[in-house]
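> Heads up: the sequence lines are chains A and B, in that order.
Quick note, in my numbering, the first sequence goes up one by one and the last residue is 183.
Quick note, in my numbering, the second sequence goes up one by one and the last residue is 206.
Virtual Cβ for every residue (Gly too), placed ideally from N, Cα, C.
I am attaching a structure below and will ask some questions about it afterwards.
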Amino acid sequence: MSELEPDKRVGEQLVSARLQVLQSKRLLMASNQRRQQRRGTEGLAERIEKLRKEIEHAQLAYRVALVRWGSPAMSDYWPAAYSRLIDLADHLALRLKSAARGGSVSRRYELSVEVEVLELLIQQWRESLRLTIVKASA
Amino acid sequence: MEARIPREPAQTWSQLPGEDLTTSALPEVAGWISIYEEMGAVLRSVISRTDGSADMDGLRRNLQWIEERLGVWRDRHAALAGVAIDRKDHTLIYGGKSLRLTRREADLLDFLLRHPRTSFTSKQLATLAWQNSRLSDAQVRTYIMRLRGRLRDIGLGESITVVRNRGYGMAANLGGGKTGS
Chain A
46 MSELEPDKRV GEQLVSARLQ VLQSKRLLMA SNQRRQQRRG TEGLAERIEK LRKEIEHAQL
106 AYRVALVRWG SPAMSDYWPA AYSRLIDLAD HLALRLKSAA RGGSVSRRYE LSVEVEVLEL
166 LIQQWRESLR LTIVKASA
Chain B
26 MEARIPREPA QTWSQLPGED LTTSALPEVA GWISIYEEMG AVLRSVISRT DGSADMDGLR
86 RNLQWIEERL GVWRDRHAAL AGVAIDRKDH TLIYGGKSLR LTRREADLLD FLLRHPRTSF
146 TSKQLATLAW QNSRLSDAQV RTYIMRLRGR LRDIGLGESI TVVRNRGYGM AANLGGGKTG
206 S
């Protein structure tokens, strides 16, 4: 996120391309799920599971691109920005908690303080996320 | 709802004695640094696009806290690695040995040590470590290779990693897991 960022137009194209990837995968998933419901095809379960993972990955790639190159004027921008922050903070808090389990008393104390503050940030960002979703759907 | 961030514990934390400086914690700390860096980058990006937004002050405070923690964890990482750089005379001390570096080498090593497990392109290193975007890729490569050669003399030869098509970085576990402390 520095001087090496692409220009604005390229950035917008990247966001749009990642959104298209995500939407295509969602369409494929919906189509596969319909086929499975109609025919109950066993072999599709594996394909659906694979698509679910691909959608998760595409969703993350889209969010990262949106936060990095998107504009706050885009309706998805704020939910994506807060979700990304929450994901990162959650991941960090989890790792700090697990690291604190085996340490000395002073180390556990140090890490618990860090986790406590992170949890406050997460709480704050979740609240902001809720507000941006409410605002976007109003 | 406004969540308040306590300031006192963070200050107390940095003053506690680091009695648990084990090598196993080194990659762990490097991992936390990477996540903090990413959070900081997301927040900076958001702040840079939201002039005048109501959330701005809160986000700035969040970023400030994250940057403070990053500073503390980067210092902790260097302490864990047993590496110290004396910025006055550009001397590197590791495992009881010292090595006199040039100013550029010291700046480069200090920058890489503070950003473990992250790879940087030559252009990024020129700008971020030396604030000199005019250095060519070949010049940066030469500095890196020369520094790696010099670090080898004190057992840190493999600490600077070369990542194909990505650039250069600092290994999470310096000196193959040996610390100088």
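Residues of the region 51-74 of chain B in Cβ contact with chain A at a cutoff of 8 Å, in chain order, please.
The region 51-74 of chain B vs chain A, Cβ under 8 Å: E53, G56, W57, I60, Y61, E63, M64, A66, V67, L68, R69, S70, V71 and R74.
> Spell out whether any CB of chain A is found under 9 Å from the CB atom of N190 of chain B.
What you label residue 190 of chain B is simply residue 165 of the second sequence in a count that begins at 1. For N190 of chain B, the answer is no, since every Cβ of chain A falls outside 9 Å of its Cβ.
> Tell me whether the beta-carbon of N209 of chain B lies closer than 9 Å to the beta-carbon of P52 of chain B.
As displayed, chain B neither begins before 26 nor continues past 206, which places residue 209 of chain B out of reach and without an answer.
> Excluding the 5 residues preceding and the 5 following R63 of chain A in the sequence, name in chain order all residues of the same chain whose CB lies nearer than 6 Å to its CB.
Residue 63 of chain A sits at position 18 when you count from the first residue of the first sequence. Around R63 of chain A: A106, Y107 and A110.
> Look at M195 of chain B and L137 of chain B and say whether their C-beta atoms are less than 9 Å apart.
Looking up residue 195 of chain B in the second sequence gives position 170. Looking up residue 137 of chain B in the second sequence gives position 112. Yes, the Cβ-Cβ distance between M195 of chain B and L137 of chain B is below 9 Å.
> In the structure shown, what three-state DSSP assignment does T127 of chain B receive?
Within the second sequence, residue 127 of chain B is the residue found at index 102, counting from 1. Reduced to three states, the DSSP call for T127 of chain B is coil.
> Using the three-state DSSP reduction, which class does L46 of chain B fall into: helix, strand or coil?
The sequence position of residue 46 of chain B within the second sequence is 21, counting from 1. Residue confidence is low: L46 of chain B scores 41 on pLDDT, short of 50, so the model does not pin down where it sits. Its coordinate-derived value is still stated next. The answer is coil: DSSP assigns L46 of chain B none of H, G, I, E or B.
> Jot down the residue ranges of each uninterrupted alpha helix (DSSP H) in the region 154-190 of chain B, minimum 4 residues, whole runs only, in chain order.
The region 154-190 of chain B contains these whole alpha helix (DSSP H) runs: 162-177.
> According to DSSP, is A109 of chain B helix, strand or coil?
The residue labelled residue 109 of chain B in the question sits at position 84 within the second sequence. It is a strand residue.
> Tell me whether T141 of chain B is buried or exposed, calling it buried when 16 or more other Cβ atoms sit within 10 Å of its Cβ.
Numbered from 1 along the second sequence, position 116 holds the residue referred to as residue 141 of chain B. For the record, residue 141 of chain B in the displayed sequence is Pro; it is not Thr. Classification for P141 of chain B: buried.
> Mind checking if N87 of chain B is an interface residue toward chain A, Cβ cutoff 9 Å exclusive?
Along the second sequence, one-based indexing puts residue 87 of chain B at 62. By this cut-off, N87 of chain B is an interface position.
> Looking only at its own chain, which residues have a Cβ that is under 7 Å from the Cβ of Y122 of chain A, when we skip the five neighbours before and after it?
If you number the first sequence from 1, residue 122 of chain A lands on position 77. Around Y122 of chain A: L111, G115 and S116.
> For the 8 Å Cβ check, are there 3 or more pairs between the region 113-126 of chain B and the region 175-186 of chain B?
Segments in contact, yes.
> Among all the DSSP beta bridges, which residues are the ones paired with G56 of chain B?
Here residue 56 of chain B refers to the residue found at position 31 when the second sequence is read from its first residue. Answer is none; G56 of chain B lacks a bridge partner.
> Can you pull the chain A neighbours of D80 of chain B, defined as C-beta to C-beta under 7 Å?
Residue mapping note: residue 80 of chain B aligns to position 55 of the second sequence, counting from 1. Chain A residues near D80 of chain B: S173.
> Just the C-alpha distance for A75 of chain A and L68 of chain B, rounded to the nearest angstrom, thanks.
Sequence index remark: in the first sequence, residue 75 of chain A carries index 30 (1-based). Sequence index remark: in the second sequence, residue 68 of chain B carries index 43 (1-based). About 34 Å.
> Would you call the region 140-153 of chain A in contact with the region 93-102 of chain A, where contact means no fewer than 3 C-beta pairs closer than 8 Å?
They do not touch, by the three-pair rule.
> Using three-state DSSP, classify Y154 of chain A as helix, strand or coil.
Against the first sequence, residue 154 of chain A aligns to sequence position 109. The answer is helix: DSSP assigns Y154 of chain A an H, G or I state.
> State yes or no: is the C-beta of L133 of chain B within less than 9 Å of the C-beta of L150 of chain B?
Walking along the second sequence from the start, residue 133 of chain B turns up at place 108. Walking along the second sequence from the start, residue 150 of chain B turns up at place 125. Yes; because the gap between Cβ atoms is below 9 Å, this pair is in contact.
> For a test of the three-state rule: what should DSSP assign to T177 of chain A, helix, strand or coil?
As a working note, residue 177 of chain A is residue 132 in the first sequence. Note: T177 of chain A maps to helix in three-state DSSP.
> What's the call for G88 of chain A, buried or exposed, on a 16-neighbour Cβ count within 10 Å?
Indexing the first sequence from 1 puts residue 88 of chain A at position 43. The residue in question, G88 of chain A, is exposed, as its Cβ has fewer than 16 Cβ neighbours within 10 Å.
> Against chain A, which members of the region 166-178 of chain B pass a CB distance test of less than 7 Å?
Listed by position, the residues of the region 166-178 of chain B near chain A (Cβ gap below 7 Å) amount to none.
> From D162 of chain B to F145 of chain B, what distance separates their C-alpha atoms?
Counting from one through the second sequence, the residue named residue 162 of chain B turns up at place 137. Counting from one through the second sequence, the residue named residue 145 of chain B turns up at place 120. In a straight line, the C-alpha of D162 of chain B is about 12 Å away from that of F145 of chain B.
> Relative to the alpha-carbon of I60 of chain B, which residue among A:K180, A:S182 and A:A134 has its alpha-carbon at the smallest distance?
What you label residue 60 of chain B is simply residue 35 of the second sequence in a count that begins at 1. The candidate whose alpha carbon is nearest that of I60 of chain B is A:A134.
> When every heavy atom of the ligand MN is checked, does at least one fall within less than 8 Å of the C-beta of L124 of chain B?
As presented, the structure is devoid of all ligands, the ligand MN included, so that no description of it is given.
> With DSSP run on the structure shown, which of helix, strand or coil describes T152 of chain B?
As a first step, residue 152 of chain B must be located in the second sequence, where it is residue number 127. T152 of chain B: helix per DSSP, three-state reduction.
> Listed from N- to C-terminal order along the chain, which residues in the region 129-149 of chain A have their beta-carbon within a distance smaller than 8 Å of any beta-carbon of chain B?
The region 129-149 of chain A vs chain B, Cβ under 8 Å: R129, L130, L133, A134, H136, L137, R140, L141, A144, G148 and S149.
> Report the rounded CA-to-CA distance for D135 of chain B versus L139 of chain A, giving the unit in angstroms.
The residue given as residue 135 of chain B occupies position 110 in the second sequence. The residue given as residue 139 of chain A occupies position 94 in the first sequence. Looking at the two C-alpha atoms, the distance is approximately 29 Å.
> Got a sec, what are the start and stop residues for the beta strand (DSSP E) T75 of chain B sits in?
Mapped onto the second sequence, residue 75 of chain B falls at position 50. Premise fails: T75 of chain B is in no beta strand (DSSP E) and is neither H nor E.
> Under 8 Å Cβ to Cβ from H102 of chain B, same chain only, skipping five residues before and after it: list those, please.
Taking the second sequence and counting its residues from 1, one reaches residue 102 of chain B at position 77. L51, V54, A55, I58, L138, R139 and P141.
> Helix or strand or just coil, what does DSSP make of M64 of chain B?
Within the second sequence, numbered from 1, the residue matching residue 64 of chain B stands at position 39. Three-state DSSP puts M64 of chain B in a helix.
> Please report whether the beta-carbon of G83 of chain B lies at a distance below 9 Å from any beta-carbon of chain A.
Numbered from 1 along the second sequence, position 58 holds the residue referred to as residue 83 of chain B. True, the Cβ-Cβ gap to chain A drops below 9 Å.
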